[in-house]
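Line by line, the protein sequences give chains A and B. According to the working numbering, the first sequence is numbered sequentially starting from 681. According to the working numbering, the second sequence is numbered sequentially starting from 28. Even for Gly, the Cβ is constructed at its ideal location relative to N, Cα and C.
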Amino acid sequence: VSRIGPIVLPADRYYHPGHTWAKPVGAGEVLVGLDAFARRIVGDVRAIDLPSPGERVEQGRRLWTLRFDGRALDQPAPLDGEVIEVNEEILRHPERLREDPYERGWILKVRPRDEQCCVANLFASDLAKKWVELAIQDL
Amino acid sequence: LMEGIAKYLSEAQWEQFRKRYFPVA
Chain A
681 VSRIGPIVLP ADRYYHPGHT WAKPVGAGEV LVGLDAFARR IVGDVRAIDL PSPGERVEQG
741 RRLWTLRFDG RALDQPAPLD GEVIEVNEEI LRHPERLRED PYERGWILKV RPRDEQCCVA
801 NLFASDLAKK WVELAIQDL
Chain B
28 LMEGIAKYLS EAQWEQFRKR YFPVA
């Protein structure tokens, strides 16, 4: 685990510079969510605009939009693939992302386009930590 | 880092921060 104050970045997943994560969980399935830095920046999420199962997603392109306190934040897909499941609990209760953006707070399950999922263009947690530190300095 | 800091930034500050640290193609 990498930690910056209250912001934790578990070592068991890969991070996109747009503060989404990908965690392989089995045969051709990857969970996707937002990291604790994004969660802290936005505070309480009021709603999430999500793609539906069956939709294709592309690394770096908009995957979802978080809505909070009158503002919105688009976040990118961490990998190429197809959405196979939406976390309905988080969709109905996005405020629960505050408690746990990593386990119960996964947002989508994606079938990756290729076997090399989650290596290309993504950070391990130690590099993601440096990226978060830079952003915090900027703030 | 302040909880929910985005809402305390000006619109211009937020846009600049968002584009740099939350890049979307």
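Reduced DSSP category for residue i - H, G, I as helix; E, B as strand; rest coil
| i | result |
| --- | --- |
| residue 811 of chain A | helix |
| residue 819 of chain A | coil |
| residue 49 of chain B | coil |
| residue 716 of chain A | helix |
| residue 688 of chain A | strand |
| residue 42 of chain B | helix |
| residue 736 of chain A | strand |
| residue 746 of chain A | strand |
| residue 775 of chain A | helix |
| residue 722 of chain A | helix |
| residue 754 of chain A | strand |
Supposed contact pair residue j and residue i - C-beta distance, whole angstroms, cut 8 Å
| i | j | result |
| --- | --- | --- |
| residue 712 of chain A | residue 758 of chain A | 6 Å |
| residue 724 of chain A | residue 748 of chain A | 6 Å |
| residue 792 of chain A | residue 763 of chain A | With a Cβ gap of about 11 Å, residue 792 of chain A and residue 763 of chain A do not count as contacting. |
| residue 718 of chain A | residue 699 of chain A | 4 Å |
| residue 772 of chain A | residue 785 of chain A | Actually they do not touch by this definition, with Cβ atoms about 13 Å apart. |
| residue 812 of chain A | residue 687 of chain A | 6 Å |
| residue 788 of chain A | residue 730 of chain A | 7 Å |
| residue 704 of chain A | residue 797 of chain A | 6 Å |
| residue 741 of chain A | residue 52 of chain B | 5 Å |
| residue 726 of chain A | residue 781 of chain A | About 15 Å; that fails the 8 Å criterion. |
| residue 818 of chain A | residue 49 of chain B | Not a contact, Cβ separation roughly 12 Å. |
| residue 710 of chain A | residue 790 of chain A | 5 Å |
| residue 685 of chain A | residue 28 of chain B | 7 Å |
| residue 805 of chain A | residue 681 of chain A | 7 Å |
Residue i - containing beta strand (DSSP E), residue span
| i | result |
| --- | --- |
| residue 32 of chain B | From DSSP, residue 32 of chain B is part of no beta strand (DSSP E); its letter is neither H nor E. |
| residue 684 of chain A | 682-684 |
| residue 790 of chain A | 788-792 |
| residue 727 of chain A | 727-729 |
| residue 698 of chain A | Unbroken run through residue 698 of chain A: none, as it is neither H nor E. |
Closer than 8 Å at the beta carbon, the chain A residues around residue i
| i | result |
| --- | --- |
| residue 30 of chain B | 720, 723 |
Listed by chain order, chain A residues near residue i by CB distance under 9 Å
| i | result |
| --- | --- |
| residue 33 of chain B | 721, 722, 723, 748, 749, 751, 753 |
Start-to-end residues for the alpha helix (DSSP H) that takes in residue i
| i | result |
| --- | --- |
| residue 771 of chain A | 768-772 |
Contact set between residue i and chain B, taken where Cβ atoms lie within less than 7 Å
| i | result |
| --- | --- |
| residue 815 of chain A | 48 |
| residue 685 of chain A | 28 |
Chain-ordered chain B contacts of residue i [CB-CB under 8 Å]
| i | result |
| --- | --- |
| residue 740 of chain A | 50, 51, 52 |
| residue 731 of chain A | What residue 731 of chain A touches in chain B: nothing, since even the nearest Cβ is about 14 Å away. |
| residue 818 of chain A | 44, 47, 48 |
9 Å Cβ cut-off: residues of chain B touching residue i
| i | result |
| --- | --- |
| residue 756 of chain A | 49, 50, 51, 52 |
* To do: Taking a Cβ distance cut-off of 7 Å, strictly less, list which residues of the stretch 697-719 of chain A are near chain B, in chain order.
  => 697, 698, 699
* May I ask you to list, following chain order, the residues of the stretch 34-47 of chain B that have a beta carbon less than 8 Å from some beta carbon of chain A? => 34, 41, 44, 45, 47
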